[in-house]
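> Questions regarding the structure given below will be posed in turn.
Residue numbers (the numbering used here): 2 to 420.
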């Protein structure tokens, strides 16, 4: 036990006495977290801004059916084209803000404005030179015969074309176009249902509105159920920092087993397993301390969310540190060369971080399961964001299988060399 302790203390001194590389590494990764968290912040936003839509009403029918539909949408004013570089032009937008419209649910999805003519609508939807505040995602067009078609429509005539509302999309994104389509699909369905009720239940005193306010219960969702960009990349880069602990494992094995120091140690009474355990423990503790420092720095400076389950957080950091150090030692024993082992470690760190979605949040399919980063990140996300504790413990267990497998291989390769 004393020999293990001496090896442990000696290893810690070797790591922390050379503090300049440690500071450089921690500051570098802190900057990487800031850059990635800022650059990809839009990918982690779950909300959608209301889509700006223009309405062109050319309906000339005396029934004014289009007016009734537009009244429900309650336009905010009239919007006209304005060039982005035309600073002296008078802004013709007449804001008559009256809230979110008669139907609050529609107002949450769309901001509706009138347009004067089809040319204006096409310009605001398609012209790249239009000012951003005067751009629309789509134009809803009621033609001059809209009321007439509605009044003359006969549902029993199968040859008659259905009544349609023209929706013309411009250079908007597919998301904006889908939002507009879904809103008007729902709106058209409600009108069709109203017509059906009037047809099949003529003269009946049926309720005109279905009140859902008292019929549903809003589910309370944890506001911290998903990470923001800064928190996500703080976790991902923490795993990358910990995986760099493989360099310690590789260097230790190269010096104490394959180099001149290793030959001298053979002449001492210390046993090989005592040497291995003491060195590995020292490297694991030093890597763990670096991980804890990253957690404190990103939490205090960047506001990254690390949850309140500190035991689970520490357990993941220790487990990932142990996996990385033993993997480095294993690679060094397999290659029998410190330089080659270091090259493999560098490739391993980049590849495992990428497969786990550490650089870009993507699912790499079955390939992600060969990366220890994936299991550590999954365990950490579940412990921080109130996930399944069983899944977190399961992934921590898989990390220790990495530790066991890498240690067994390293020890077997060591004995083979001695023989």
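All residues carry an ideal CB built from backbone N, CA and C; glycine is no exception. Owing to the predicted nature of the structure, the values given are computational and were not obtained by experimental measurement.
Helix, strand or coil, according to DSSP, for residue 319 in the structure here?
helix
> Look at residue 403 and residue 288 and say whether their C-beta atoms are less than 9 Å apart.
no
> Mapping the DSSP letters down to three states, classify residue 398 as helix, strand or coil.
Residue 398 sits in a helix when the DSSP states are folded into three classes.
> Quick one: Cα of residue 118 to Cα of residue 54, how far?
14 Å
> Would you identify the three-state DSSP class for residue 117, choosing helix, strand or coil?
coil
> Rank 4, 355, 71, 314 by C-alpha distance to the C-alpha of residue 185 and give the top, closest one.
71
> Can you give the Cα-Cα distance for residue 407 and residue 334, rounded to whole angstroms?
Between the C-alpha atoms of residue 407 and residue 334 there is a straight-line separation of about 10 Å.
> Which stretch, first to last residue, makes up the alpha helix (DSSP H) that contains residue 272?
It is not in any alpha helix (DSSP H) - residue 272 carries neither H nor E in the DSSP assignment.
> What's the C-alpha gap between residue 167 and residue 50?
Distance from the CA of residue 167 to the CA of residue 50, rounded to the nearest whole angstrom, comes to 23 Å.
> Helix, strand or coil for residue 141? Go by DSSP, reduced to three states.
strand
> For residue 254, name the three-state secondary structure that DSSP assigns.
helix
> From residue 319 to residue 310, what distance separates their C-alpha atoms?
Residue 319 and residue 310 have their C-alpha atoms spaced approximately 15 Å apart.
> Sort out for me which residues DSSP pairs residue 111 with in a bridge.
52
> Can you tell me the Cβ-Cβ gap for residue 421 and residue 330, rounded? I've got them flagged as a contact below 8 Å.
There is simply no residue 421 to check, as the chain begins at 2 and stops at 420 in what is shown.
> Residues in the same chain with beta-carbon distance under 7 Å from residue 372, minus the five sequence neighbours each way, listed in chain order, please.
Closer than 7 Å at Cβ, skipping near neighbours: 353, 356, 357.
> In its own chain, which residues sit with a C-beta less than 7 Å from the C-beta of residue 164, not counting the 5 before and 5 after it?
150, 151, 154
> Checking the sheet assignment: what are the DSSP bridge partners for residue 39?
Per DSSP, none; premise fails for residue 39.
> Could you have a look at residue 363 and say whether DSSP puts it in helix, strand or coil?
coil
> Unbroken alpha helix (DSSP H) runs of length 4 or more, entirely within the region 320 to 359: which are they?
339 to 356
> Rounded to whole angstroms, what's the CA-CA distance from residue 4 to residue 257? Just pull it up for me.
15 Å
> On the CB-based measure, 16 or more other CB atoms within 10 Å of its CB, does residue 115 come out buried or exposed?
buried
> Sorted by chain position, which residues of the same chain lie with C-beta nearer than 8 Å to residue 27's C-beta, five sequence neighbours on each side aside?
242, 291, 294, 295, 298
> How would you label residue 121, buried or exposed, when you count the other beta carbons within 10 angstroms and need 16 or more for buried?
Label assigned to residue 121: buried.
> Measuring only the C-alpha atoms, how far is residue 56 from residue 38?
39 Å
> Classify residue 190 as buried or exposed, calling it buried when 16 or more other Cβ atoms lie within 10 Å of its own Cβ.
That one is exposed.
> Mark residue 228 as exposed unless 16 or more other C-beta atoms lie within 10 angstroms of its C-beta, in which case mark it buried.
buried
> Just how far apart, CA to CA, sit residue 239 and residue 7?
29 Å
> Using C-beta distances below 7 Å, list every residue in its chain close to residue 316, excluding the 5 sequence neighbours before and after it, in chain order.
Cβ neighbours of residue 316 beyond the five flanking positions: 397.
> Give me the Cβ distance between residue 405 and residue 377, rounded to the nearest whole Å; I'm assuming they're in contact under 8 Å.
Going by Cβ atoms, the distance from residue 405 to residue 377 rounds to 16 Å, so no, they are not a contact pair.
> Return the residue from the list 34, 12, 13 that minimises the CA-CA distance to residue 304.
34
> Could you check what DSSP says for residue 170 in three-state terms: helix, strand or coil?
Under the three-state reduction of DSSP output, residue 170 falls in the strand class.
> Quick one, are the C-beta atoms of residue 230 and residue 45 less than 9 Å apart?
yes
> Looking at the secondary structure, which residues open and close the alpha helix (DSSP H) in which residue 373 lies?
373 to 385
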